[in-house]
Amino acid sequence: MRQIFQRIPGNWHIVQPISINQKIIIDYYPIKNSIITFRVGDKNGITALAVIVDYTKGVLYVKRDRLDDEKIQCLNFANSPQFTLSMLGTVEIAVYSHRFKIVMKLAKRLFNPDMQGCAIYGHHLSPYDIEQTIIDSTNKNIVAFAHYMEMA
Numbered sequence: 287m288r289q290i291f292q293r294i295p296g297n298w299h300i301v302q303p304i305s306i307n308q309k310i311i312i313d314y315y316p317i318k319n320s321i322i323t324f325r326v327g328d329k330n331g332i333t334a335l336a337v338i339v340d341y342t343k344g345v346l347y348v349k350r351d352r353l354d355d356e357k358i359q360c361l362n363f364a365n366s367p368q369f370t371l372s373m374l375g376t377v378e379i380a381v382y383s384h385r386f387k388i389v390m391k392l393a394k395r396l397f398n399p400d401m402q403g404c405a406i407y408g409h410h411l412s413p414y415d416i417e418q419t420i421i422d423s424t425n426k427n428i429v430a431f432a433h434y435m436e437m438a
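The following block contains the structure:
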């Protein structure tokens, strides 16, 4: 899972299991023209799902390791405030028995944020084996400052 050209410090390797019917929520401050990758995988570093937030194009991609040959477009956020304004970003990755659900915050509202995403069916790992999350970015100045688990 770790790559040689990775620029994020080693403490951005979150070793905490994500149980079935739970989700990890990561808040981050994006840098324009950067690509942020969130990978969830097992304790041995095998990636189950990569969530790629591309701020160069305004597209959220997903890729299931060993099941998808290339990235699959999940959400186009190029016309949303999340892409045009410098605002706090939020990505939620939920693990279910037969699928993942990926949701991204698109607009800033106090009580009812605009959240959109997609569901990705099938994984090559047992969903009980999801034990870590790795955050990577093409820009070393990105800040991911919070993560927490909650029921999906």
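Everything in the sequence shown is counted per the working numbering, starting at 287 for the first residue and increasing by one.
Note that the Cβ used here is the ideal one computed from N, Cα and C, for glycine as well.
**Prompt:** In terms of residue numbering, what span does the beta strand (DSSP E) encompassing Thr333 cover?
**Reply:** By one-based count along the sequence shown, residue 333 stands at place 47. Segment Thr333 to Asp340, the beta strand (DSSP E) holding Thr333.
**Item:** Spatial neighbours of Glu417 in its chain, beta-carbon cut-off 8 Å, leaving aside the 5 residues before and after
**Value:** Reading the sequence shown from its first residue, position 131 is the one you call residue 417. Same-chain partners within the cutoff: Val301, Gln302, Pro303, Ile304, Gly327, Asp328 and Lys329.
**Request:** Drop a sphere of 10 angstroms on the beta-carbon of Arg325, count the other beta-carbons inside from all chains shown, and report buried for 16 or more, exposed for fewer.
**Result:** Taking the first residue of the sequence shown as position 1, residue 325 is located at position 39. Counting Cβ neighbours within 10 Å, Arg325 comes out buried, since at least 16 surround it.
**Message:** Please return the same chain residues whose Cβ sits closer than 6 Å to the Cβ of Asn425, not counting the five positions on each side in sequence.
**Reply:** Looking up residue 425 in the sequence shown gives position 139. Excluding residues within five positions, the ones whose Cβ falls inside 6 Å are Ile317 and Ser320.
**Request:** Return the chain-ordered list of same chain residues with a C-beta closer than 7 Å to the C-beta of Gly296, the five sequence neighbours on each side being excluded.
**Result:** Along the sequence shown, one-based indexing puts residue 296 at 10. Residue placement at Gly296 is poorly supported in this model, since its pLDDT is 48, which falls under 50; the coordinates are not used for a value here.
**Message:** According to DSSP, simplified to helix, strand and coil, what is Gln250?
**Reply:** Since the first and last residues shown for the chain are 287 and 438, residue 250 lies out of range.
**Three-state secondary structure assigned by DSSP to Tyr382** = For this step, residue 382 is matched to residue 96 along the sequence shown. Looking at Tyr382 - three-state DSSP - the assignment turns out to be coil, as it is neither helix nor strand.
**Request:** Pick out whichever of Asn362, Leu374 and Thr333 has its Cα sitting closest to the Cα of Asp354.
**Result:** Locating residue 354 in the sequence shown gives position 68, where the first residue counts as 1. Measuring from the Cα of Asp354, the nearest candidate turns out to be Thr333.
**Request:** Would you identify the three-state DSSP class for Asp415, choosing helix, strand or coil?
**Result:** Taking the sequence shown and counting its residues from 1, the one referred to as residue 415 is at position 129. Helix.
**Item:** Beta-carbon contacts of Trp298 that lie in its chain and below 8 Å, excluding the five residues immediately before and after
**Value:** For the purposes of this step, residue 298 is identified with residue 12 of the sequence shown, where counting begins at 1. Here the set comprises Ile420, Ile421, Asp422 and Ala430.
**Asked** Shortest alpha-carbon distance to Lys391 belongs to which of Tyr314, Arg385, Leu411 and Ser412?
**Response** On the sequence shown, position 105 is the one that residue 391 refers to. Measuring from the Cα of Lys391, the nearest candidate turns out to be Tyr314.
**Prompt:** Do you know whose CA, among Ile306, Gly375 and His384, lies nearest Ile406's CA?
**Reply:** Counted from its first residue, the sequence shown places residue 406 at position 120. The candidate whose alpha carbon is nearest that of Ile406 is His384.
**Request:** Within 10 angstroms of the Cβ of Asp340, are there 16 or more other Cβ atoms? Answer buried if so, exposed if not.
**Result:** By one-based count along the sequence shown, residue 340 stands at place 54. Burial call: buried.
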